[in-house]
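Here the working numbering is used: the first residue of the sequence shown is 1243, the next is one more, and so on. Yeah, the Cβ is synthetic: ideal placement off N, Cα and C, and Gly gets one too. Bear in mind the structure is a predicted one, so any value in this text is a computation, not a measurement. The structure appears right after this line, and notes come after that.
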Amino acid sequence: MKLQRLRVEQLRQFRQPVEIDALEDGITLFTGPNESGKSTLVQAIRAAFFERYKSGSVDDLQPWGDSSAAPEITLEFHWQGEQWRLAKRFLKKPRCDLQVGSQSFSGDDAEERLAELLGFQFPGRGASKPEHWGIPGLLWIEQGAGQEVQQAVTYAGDHLKSALGSTLGEVASTGGDELIACLESDRAKLLTGTGRPTGEYKAAQEKQESLASALANTSQQIADYAQLVDRLAELRDQQRQDRDKPWVDYRNQAAEAENRLWEVAAWQRDQAREQQELTACRDSQELFRRQLQGFANQQADLEERRAAHQRAVADQERLREQSDAIRTHTEKAKSVYENAREQVRLAQQKELGDRLRRDLEQLDTRLADDARRLEQAKVLLEGLGRQREALQANSVDGADLKRLQQAVRQQQDLAIEERAAATRVQFHLQPGKALALNGESLEGQGERLLLEAATLDIPGTGQLRILPGGQDLAELARKRGQLADRIDGLLNTLRVASLEEAEERAETCRRLGEEIASAEKTLDILAPLGVDTLAQSVALDTKRREELRQQQGQLPALADDQPTLPVAEAELEIANTELQQAETAAARHASDIQLAEQAVRTAETERDKLSRAIEAPERQQQQAEANRQLIDLQARESALQQSIAAREAQISAANPDILQQDIDRFTRTANELERVASEREREILTLESKLDTMGALGLEETRAEQALAVEQSERRCAEFSRRAAALDLLLAMLREKRQALTRRLHAPLQRHLNHYLQLLFPGAQLEMDDDLVPQRLLRGGTSADVTALDALSFGAREQMGLISRLAYADMLREADRPTLIILDDALVHSDSQRLAQMKRILFDAATRHQILLFTCHPENWRDLGVAPRDMQALKLAVPS
């Protein structure tokens, strides 16, 4: 079979027709980048053969986004001396036409003829799947599927076996298959496919395991019975040992230790009481010591106060001696200060005269300027009044004006629409002739637009009633009336007759506003605080000028050498400072004298008061009583210390902590012994009851019966095992003989496999199973180097897959079956060395088969010896 021409149209990315013709024998190489359409061409070939033309599951063939397209595929090929032409169209007006030489087929007949020729089948419903593809599914390798060969061989198995010829009949005619099937059936009654027992064998084995489990359980019960007997004897022996109740002795020992501990506790209470008494005794001693120390401190204070009184009297005499000198210095400072004050007063009058003269000069200048600005402001204010009155008279509301303008524009737009939609009545009357339209006389020539129904009077003839058509005119008329009402309302609100008048008034207001703003700015410059304020300021300044002139005339005449005010104020400041210092010193001196006198009186009072307190009889008695009490307390402290030390030794010798531990230890021991004895009694009762129950079961007799049943069951299982082993051995021998015969029958296919394999792995062999599926690769000619096909690397599996397909093609060719090999981006996972060897294999196969090779790596196939066909150039070429 030789494919000669391929044409596709409206198929995926090929919206326009694309045609490939003059396909050669051997290898045809198609190159192009990804998404250039290579896989689309392969899909087109597959669809032409595999998909039914009436299938609705091929909408993926349509160009992207074009659901109305009808994909079309045309193929021409040569086979057995005849020219074949296949044309298919899908989805829209589907059809299938097949022409073989002078014969023509169409529809389902054409598709069945193709399936019979190439060795595949069509699906009952839906899209075609790999299990339907048969021989083409094996020889046409999809992108990325070169390593997957097992399923493809399985789906094409019947066609491959039929190609091997009638020799396969020998396998069936020997009767070996029937015998093997019979033995396998017998074996299946005993063993599963994985060799596990089933059926009667499994039931016997399960029964044997159940009986063995029951025997083991009974034996365990007997062993448990013996253990329980031993345990009961042990417990009864322990019970005899507890007949004297040893826990009673331990409780008595705990009671003795507790009584001893109570006695020690009484000692500890007495010890604590005397400790508290000792602490109180020491606190009382400290109190009396502080009291006696207070008496001693009073005597020392008396001597200190006598010395303080003498120092106060001496300070008083010293201060009185300084009084005359301080008084003289203060009076002199007052005299200097009064002279300085007079000089400051005269200087201030001179300063006031100079300031009044300057203020008068400045006031005259300001009065002249303010009077001029006041006159200008009055004139400007009068003009502003007139402008504001004009602005008020012409005021226009801006929002109402905008609404009026918008309404007028809408009215104009509506008029345009009415003119466009109105019924036009054009007339051209002869001289002296007239018509009447709604009472209006029409003469000469002209045109009228009718928006509403009108009556045309024709003298001497009658009337014509003209009704403008369409609902738009009525709607436009209603809108016109509404707009007219709105415009009239806005004109009344604005108090104008027309839009032009309103706009003129708005422009006048704008201009007046600008003029008023400019005048107000000028007025703000002339009188920032207002014209009245400026006039009031002029009046006040005039009055102030008269007052200043009167004040200037009242000032006395002063000498020219009068000191200036800063000099006089500096001298006054110095005199004031000296006077303050003198007065401060005098006040401080007077205060010191008063304080000295007060200190003398206070020291004398404190001295006399303390002296009387010390010499009082009650105080002497208190001191003597404190001394006596302190001596008695010291004696009591010594006695308490001796008693506490003796009792501490007594308590320490009794060891109260050890006594408490003895109580705990003896009590716990008694409780534990009593608890163990109680639990032992309960356990003895439980064991006796359990042994009575087990003794009534007859365990020994039961075990003997179970042992006999187990022995019988084991013999039956052994019989099943020997039978299964015999069947396995017989099946293995028969299968080995059958495989030897099968290998002889597979020799033609093995020969083709070895032919290609030697070019890649010299001396290697590719083993197949009975279904002609490659299984293992033997390298080096020995069985030691055997690799399962699935264990090879991805690239190696891809190479083995291609070699197998080429061998199948050779076998099919010898059986006079059509072969076309399509490789879509095959061997992309092969290294450069393996790829070079695979090219030799492909080139050799191309001498017997037509191969279509599609690739996006043209640089890898330059040495094939064929000119590549570029996909971009094919799409640009115009088909004939």
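Per DSSP, what are the beta-bridge partners of residue i in this structure?
i     : result
M2010 : P2016
S1346 : Q1341
R1666 : L1691
R1600 : Answer by DSSP bridge pairing: none, since R1600 is not bridged.
V1842 : For V1842, which the question treats as bridged, DSSP gives no partner whatsoever.
W1326 : F1319 and V1342
K1244 : H1320
P1313 : None, per the DSSP bridge assignment.
L1679 : E1682 and L1698
D2112 : T1273
V1260 : V1250
D2066 : F2096
G1704 : I1700
P1439 : L1433
R1331 : E1314 and R1337
Could you name the residues of the same chain whose beta carbon sits closer than 7 Å to that of residue i, not counting the 5 residues immediately before and after it, in chain order?
i     : result
A1919 : D1484
L1598 : L1790, Q1793 and Q1794
T1416 : Caution is warranted here: a pLDDT of 46 is assigned to T1416, below 50, making its placement in the model unreliable, and the coordinate value is therefore given only provisionally. Hits under 7 Å: none found.
Q1495 : F1908
A2135 : With the chain running from 1243 to 2122 in the structure shown, residue 2135 is simply not present.
Keeping to the same chain, check which residues put their C-beta closer than 6 Å to that of residue i; ignore five residues upstream and five downstream.
i     : result
S1278 : M2113
D1466 : none
E1916 : W1489
Q1463 : L1941
R1247 : D1263 and E1318
L2048 : Y1998 and A2087
R1257 : P1305
L1875 : C1523, S1526 and Q1527
Can you give me the Cβ contacts of residue i inside the same chain, cut-off strictly under 8 Å, excluding the 5 residues immediately before and after it?
i     : result
L1671 : L1677, L1684, E1685, G1686 and Q1687
S1310 : K1334
R2111 : I1262, T1270, L1271, F1272 and T1273
Q2041 : L2002, L2069, S2072, R2076 and M2080
V1300 : A1289, E1293, P1313, F1332, L1333 and A1369
E1426 : L1973
Sort the options by Cα distance to residue i and report the nearest one.
i     : options                       : result
K1851 : R1548, L1725, V2070 and G1704 : R1548
R1945 : L1453, D1730, R1511 and V1490 : L1453
M2080 : Y2050, G2037 and A2057        : G2037
L1679 : D1699, E1689, T1665 and P2016 : D1699
L1692 : E1682, V2070, Q1705 and L1709 : L1709
H1571 : E1820, D1783, E1815 and D1350 : E1820
A1716 : S1577, T1735, A1663 and L1814 : A1663
D1479 : P1805, E1978, V1809 and I1926 : I1926
Q1590 : R1249, L1656, P1808 and E1961 : P1808
V1250 : H1831, Q1285 and R2104        : Q1285
L1768 : D1611, F2096 and P1701        : D1611
T1764 : L1991, K1620 and T1735        : K1620
Does the distance from the CB of residue i to the CB of residue j come in under 8 Å?
i     : j     : result
L1718 : E1659 : yes
V1780 : L1616 : yes
L1529 : Q1883 : no
L1253 : L1303 : yes
L1933 : L1474 : yes
L2019 : L2031 : yes
A1966 : L1421 : no
R1429 : D1970 : yes
E1318 : G1343 : no
A1554 : A1845 : yes
R1502 : A1912 : no
P1770 : Q1585 : no
L1626 : E1762 : yes
C1523 : R1878 : yes
C2098 : D2066 : no
R2054 : I1377 : First, the amino acid is wrong: residue 2054 is Leu here, not Arg. For L2054 and I1377, yes; Cβs fall inside 8 Å.
L1356 : L1380 : no
Can you find a C-beta in chain B that's less than 8 Å from the C-beta of residue i?
i     : result
Q1836 : Included in the structure is just one protein chain, with no chain B present.
Are the segment 1848-1864 and the segment 1528-1545 in contact at 8 Å, needing three or more beta carbon pairs? Yes, the segment 1848-1864 is in contact with the segment 1528-1545.
Do the segment 1744-1762 and the segment 1633-1649 make contact, defined as three or more Cβ pairs closer than 8 Å? With the rule of 3 Cβ pairs closer than 8 Å, the segment 1744-1762 counts as touching the segment 1633-1649.
Any chance the segment 1725-1740 sits against the segment 1749-1758, with 3 or more Cβ pairs inside 8 Å? They do not touch, by the three-pair rule.
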